[in-house]
Amino acid sequence: MTTAIAPHPTRHYLNADYGWKSWLLTTDHKRIAILYLVSVTLMFFIGGAYAVLIRLHLVEPTGSLVSRDTFNKLFTGHGVLMIFFFMIPAIPSVLGNFLIPLMIGAKDVAFPRLNLFSWYIYVAGAVLVLYALFLGGLDTGWTFYTPYSTVFAQTNVVLAALGIFVTGFSSILTGLNFIVTIHTLRAPGLTWSRLPLFIWAHYATAIIQVLGTPVVAITILLVALERLFHFGFFDPNRGGDPVLFQHLFWFYSHPAVYIMILPGMGVVSELVTCFSRKRVFGYGFIAGSSLAIAGISFLVWAHHMFVSGMSVYAAMIFSALSFLVAIPSAIKVFNWTATLYRGSISWQTPMLYAFGFIGLFTVGGLTGLFLACLGLDVHVTDTYFIVAHFHYIMVGSTVMAYLGGLHFWWPKITGKLYPEWWARVSAVIIYIGFNLTFLPQFVLGYLGMPRRYFSYPPEFQVLNVMSSAGASILGAGYLIPMVYLAWSMRYGKSAAANPWPATGLEWQAASPPPTANFPRTPVVHEEAYDYPRLLAEREETHV
Amino acid sequence: MSEAASGRLAHHFADLGQQREAASLGMWVFLLTEVLFFGGFFTAYVVYRGLHPEAFAAGSRHLSWSIGFANTLVLIASSFTMALAVWAAAAGKRRAIVFHLALTILLGTAFLGVKAFEYHGKIAPCFGDGPYAECLLPGERFDAAALHLEGDRGREAQIFFSLYFGLTGLHAFHMIVGLPLLAFIAWNAARGRYTPEWHTPVELAGLYWHFVDIVWIFLFPLLYLIGRH
C-alpha cells in the first residue's frame, strides 16, 4: 500500500485548465466523464418530463390531457430518450469512464481521443433525436416494430432512427475502449483475480456493447433504407417478414437490458462490501456471474416474442434459456447478502441505495421469471405487468445503483462531500415514490390493463391514481439530489482522499485526482476488498 | 525517453510495445463489431433465400457473374498489394510502402468503378418517363419481367435486389472509407513516420482492408453464383 497523499491538492483535473475549449477538446477520461454526466442528466430530465405527462394523462380513465396521437408520441419519446440516451450510457459513460483508469492504476483509457469522439457521437445522436421530437416526435414505440414503422407511420421515424443509429456507435466505441483498457493498462501486480468487481461488471458490459449494438445498428439501418428508398426487407406485400425485424431487434435489445443492469451490479458490489467492512463473499462467483449473464444474454431474445408467431419448440427452448439467467443473477444477490452477514453495516446514503437496489432487483428479477413462463406470459404480454417488471429492473435497479455510485464516488469526482442528511432523505423518498408508482402497475397488468393505451376502464382508476401520485413523489425525489449535489460542488466540505474509507486504487489518488491520476504508477500486492487489513492499518495510524 | 520525444508514444502508455498491443487489440475488437454488423444483414439474406428460393435464383441469374468474378480478382489483387505494403513497412522500405499502397488504392478505385457501372445498368432505367424496362431498383418501377418472373415471385425478387443493393452498398461504403485512410497512411509513410519498430497504423489499415475483402469473398458467391443453374 502506498503512503497517504495530500488530501487537498492545489492542482487537479478540474482546475488544470479553464475555458470551454479545455472541456470540449479534453482527452482526460475524468473530464469526459463530467461531459457525459451533464448530457445524460439533461436527457434523463427531458425523458422524465415525458413520463410526467404520461402519468398526468392517465389520472383520468378517459384521458383528457392529450390526444391519442400525442399519447403515442409521449410513450415513444419517453422510451427512446430513457433507454438509448440515459440507461445504456449512464453508468458506463459517467462512472465507468471516470473510475476504470483510476481503479486499474492507469493514466487514462487506452484511446483517449476515441473516448472524446464517442461523446461527440452521443451528442450528435441526441441532437438528431431531440430534433425529431421537436418536429413533432414519432409514434412507433421505442421498439420500431415493422411494418408499422416502415410503411404506415407518418411521423419522424427516419430522423429518430438515425439518431439511435449514431448513438449506437458511441456505445460500441466506449465498450471497445474499456475492453482494451482493461486488457492492456492494468498496473503492475493487478492480476485479473485482483480486479475490483466494478471492473469485471464493466468488462462483461463492454462485451455485450461490442457484440450486440452492431446488430441493432444494422436493423435500424434496414428500417431507414426501407422508408427512404422503398427497399423491401420487412414488407409482407413483397414476401418480407416483419417477425424477422423483431428477431434482429431483440437480439440486441434484450442483451441491452444487461448493458443497463450489469454496471449497476458492479457498483452495488463495491457499495455492499465497503459499508459492510468485510471482504466480499464469493469474489470469483460474482465476477464469473457477470460474464455468465453477458453470455446467456445473447440466447434469450425471443422471450419477447412468445405471442409474435414462432414455432412452439423454439418458444420452449427460449423459455428454458430465459430461466437460466436467474442463476447468475441469484448468485449475485446471495453473495451480496452473504457479504452483509456479520458485517459492520453502516447506513450511509450509498448503502441505502444499494439496499434499494437489492430489494427492487429481486422483485424485478423474479417477475421476469413469470414472463419466461410460456403460459403466463401470454396472459400478461403487452400489459402494465411488463411495464412494472422492466421499470423495476431499469429504474428500480439501475437508477438506484447509478445514484448510489454517484454519491459514493462524488467526493472523488468533485473533491467535495455532499450533505448526508438531505441525501438520506431523498434516497428514502425515491424508494417510496418508486414503489408507489410501479407496484400498482403489477396489479393493473395482471388484471388486464394493456400498456400503451390512451384510456382505460373506470375500475382501474384507483390504481392509476396511486401510480401517478407515486410518480410525483419519485420526480421530487430525483430533483433533490440535483439541487444538493450542485450546491455541494461550491459549498460542500472538502473531501479527504479516502473518506469512507474504502479499498481500491481510486481511493489512493487525491480527491479530486490530478490529471495524470497518480504521481507514479501504483504497484498492487493484495487482493481487492481487503477491508480487515485496511481497517487494521487505520487503527494503527489513529493509535 | 527517445520514444516519447519522437512523438510516437502517447503519454498514457508505458512503452511502444504496450501501445502496439492496445492498438492491435482495439482493431480486432472493432473488426468483431463489423462482423456482427454485417452479420445481421447476412442473417436477413439467409432467411429470405430460404423463404424465396425461386426469386433469388432468378435474381442471381440476372447478375453478370463474369463482371463479379473480374471484380473479385481485382479486390484479391488489392489485398495482395496491401500485404506487400505491410511487409515493406516491417522491412523499413519507405518507397515500397508508398508504391504498394498506391497500387492498393488504384485497385480499390477500379473495383468501385466496376461496381458503379453495375449499379448504373440497374438504376438508370428507373428514371425518366418510362417504360422502366430493366429497372431493378426495388419499388413501384421494379421490372420483374426482366427476370422472367410475375406475381408473388416478381415481388419477392425485390427483396433479392434490396439485399443486393444493401449488402454491396454497405461493402462499397466500407471501401470508400478505406481509400482516404490508405492515402493518409501513404502520406505518412512518405514523410518517414513509420519504422520497422513502429508501423502499427500500416498493419491496422491492412487488417481493415483484408476484412473488407473477406466480406466481398462471401458476397460474391451469395449474390452472383448460388442457384444460377
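Chains as they are written, first to last, in my numbering: chain A, 625 to 1167; chain B, 3 to 231. Where a beta carbon is used, it is the ideal one built from N, C-alpha and C, also for glycine.
Endpoints, the alpha helix (DSSP H) within which A954 of chain A is located: Per DSSP, A954 of chain A belongs to the alpha helix (DSSP H) from 950-964.
Going by the DSSP bridge assignment, what does K1117 of chain A pair with across the sheet? Looking at the DSSP assignment, K1117 of chain A forms no beta bridge with any residue, so it has no partner.
With a cut-off of 8 Å, does the C-beta of W735 of chain A fall near any C-beta of chain B? According to the sequence displayed, residue 735 of chain A carries Phe and not Trp. Yes, F735 of chain A counts as interfacial toward chain B.
S663 of chain A to A748 of chain A span [Cα, whole Å]: The alpha-carbon atoms of S663 of chain A and A748 of chain A are separated by roughly 11 Å.
Per DSSP, the bridge partner or partners of Q1007 of chain A: Residue 1007 of chain A is actually Thr in this sequence, not Gln. T1007 of chain A is bridged to A:P1074.
For H596 of chain A, I'd like the list of residues in its chain whose CB is within less than 7 Å of its CB, leaving aside the five on either flank, ordered along the chain. Nothing about residue 596 of chain A can be reported from this structure: the residues present for chain A run from 625 to 1167 only.
Taking a cut of 9 Å between CB atoms, which residues from the stretch 12-44 of chain B lie near chain A? For chain A, the residues of the stretch 12-44 of chain B that bring a beta carbon within less than 9 Å of one of its beta carbons are A12, H13, H14, F15, A16, Q20, Q21, E23, A24, A25, L27, G28, V31, F32, L34, T35, E36, V37, L38, F39, F40, G41, G42, F43, in chain order.
Within chain A, the residues that V49 of chain B reaches when beta carbons sit closer than 8 Å: What V49 of chain B touches in chain A: D865, L868.
Inter-residue spacing [alpha-carbon to alpha-carbon] between L689 of chain A and V683 of chain A: For L689 of chain A and V683 of chain A, the distance between alpha carbons rounds to 9 Å.
Identify every run of the alpha helix (DSSP H) within the stretch 625-689 of chain A, keeping only runs that are complete inside it and at least 4 residues long; order them along the chain. Segments of the alpha helix (DSSP H) lying fully in the stretch 625-689 of chain A: 644-648, 653-681.
Per-residue contacts from G168 of chain B into chain A (C-beta, under 8 Å): Those within 8 Å of G168 of chain B in chain A are L846, L849, F855, F857.
Closest to V1171 of chain A by CA distance: which of A:Q1085, A:A811, A:L821 is it? Residue coverage of chain A in this structure runs from 625 to 1167, which leaves residue 1171 of chain A outside it and unanswerable.
If the cut-off is 8 Å on Cβ atoms, which residues from the stretch 146-167 of chain B count as contacting chain A, listed in chain order? Those residues of the stretch 146-167 of chain B that come within reach of chain A (Cβ to Cβ, closer than 8 Å) are D154, R157, E158, Q160, I161, S164, L165, F167.
Please return the same chain residues whose Cβ sits closer than 7 Å to the Cβ of G988 of chain A, not counting the five positions on each side in sequence. Within the same chain, H1013, Y1016, I1017, G1020, S1021 come within 7 Å of G988 of chain A by CB-CB distance, once the 5 residues on both sides are set aside.
Strictly under 8 Å for the Cβ-Cβ distance: is H54 of chain B near chain A by that measure? Among the residues facing chain A, H54 of chain B is included, as its CB has a counterpart in that chain under 8 Å away.
Assigned exposure category for A29 of chain B - 16 Cβ within 10 Å defines buried: It should be pointed out that residue 29 of chain B corresponds to Met in this sequence rather than to Ala. Classification for M29 of chain B: buried.
Taking its Cβ as the centre, do 16 or more other Cβ atoms sit within 10 Å of F710 of chain A, making it buried, or is it exposed? With 16 or more other Cβ atoms within 10 Å, it is buried.
Contact list for the stretch 791-807 of chain A against chain B, Cβ threshold 7 Å: Taking a C-beta cut-off of 7 Å against chain B, the contacting residues of the stretch 791-807 of chain A are I796, L800, I803, V804, H807, listed in chain order.
What is the residue span of the alpha helix (DSSP H) that Y1042 of chain A lies within? Run containing Y1042 of chain A: none; DSSP gives neither H nor E here.
For a quick check, are the C-beta atoms of Y1026 of chain A and G1116 of chain A less than 8 Å apart? Result no, Cβ atoms of Y1026 of chain A and G1116 of chain A do not sit closer than 8 Å.
Go ahead and pull the three-state DSSP assignment for G760 of chain A. The answer is coil: DSSP assigns G760 of chain A none of H, G, I, E or B.
Is the Cβ of A59 of chain B closer than 8 Å to any Cβ of chain A? A59 of chain B does not count as touching chain A.
Contacts around A1095 of chain A, its chain only, beta-carbon distance under 6 Å, and the 5 residues preceding and following it disregarded: The answer, listed in chain order, is R679, T1061.
Alpha-carbon to alpha-carbon, T843 of chain A and R22 of chain B: Each residue's alpha carbon lies about 34 Å from the other.
Compare the beta carbon distance of L723 of chain A and F789 of chain A with 8 Å and say whether it is the shorter of the two. No.
Per the contact definition of three or more C-beta pairs closer than 8 Å, is the stretch 827-834 of chain A in contact with the stretch 792-809 of chain A? A contact exists between the stretch 792-809 of chain A and the stretch 827-834 of chain A.
Length-filtered (4 minimum) alpha helix (DSSP H) runs lying within the stretch 832-919 of chain A: If one requires a minimum length of 4 residues, the alpha helix (DSSP H) runs lying completely within the stretch 832-919 of chain A are 866-900, in chain order.
Quick one: Cα of S953 of chain A to Cα of I982 of chain A, how far? Spanning the two alpha carbons is a distance of roughly 11 Å.
Taking 8 Å as the CB-CB cut-off, is A192 of chain B touching chain A? Not an interface residue.
Using a Cβ-Cβ cutoff of less than 8 Å, which residues in the same chain neighbour A628 of chain A once the five nearest sequence positions on both sides are dropped? Per-residue confidence for A628 of chain A stands at a pLDDT of 48, beneath the threshold of 50, marking its modelled position as unreliable; the derived number appears in the next sentence. Contacts found: A1121.
Run through DSSP, which three-state label would G967 of chain A get? The answer is coil: DSSP assigns G967 of chain A none of H, G, I, E or B.
Use the C-beta contact count for W644 of chain A: other C-beta atoms within 10 angstroms, 16 or more gives buried, fewer gives exposed. It is exposed - the Cβ of W644 of chain A has fewer than 16 other Cβ atoms within 10 Å.
Cβ contact (3+ pairs, closer than 8 Å) linking the stretch 205-225 of chain B and the stretch 58-74 of chain B: Segments in contact, yes.
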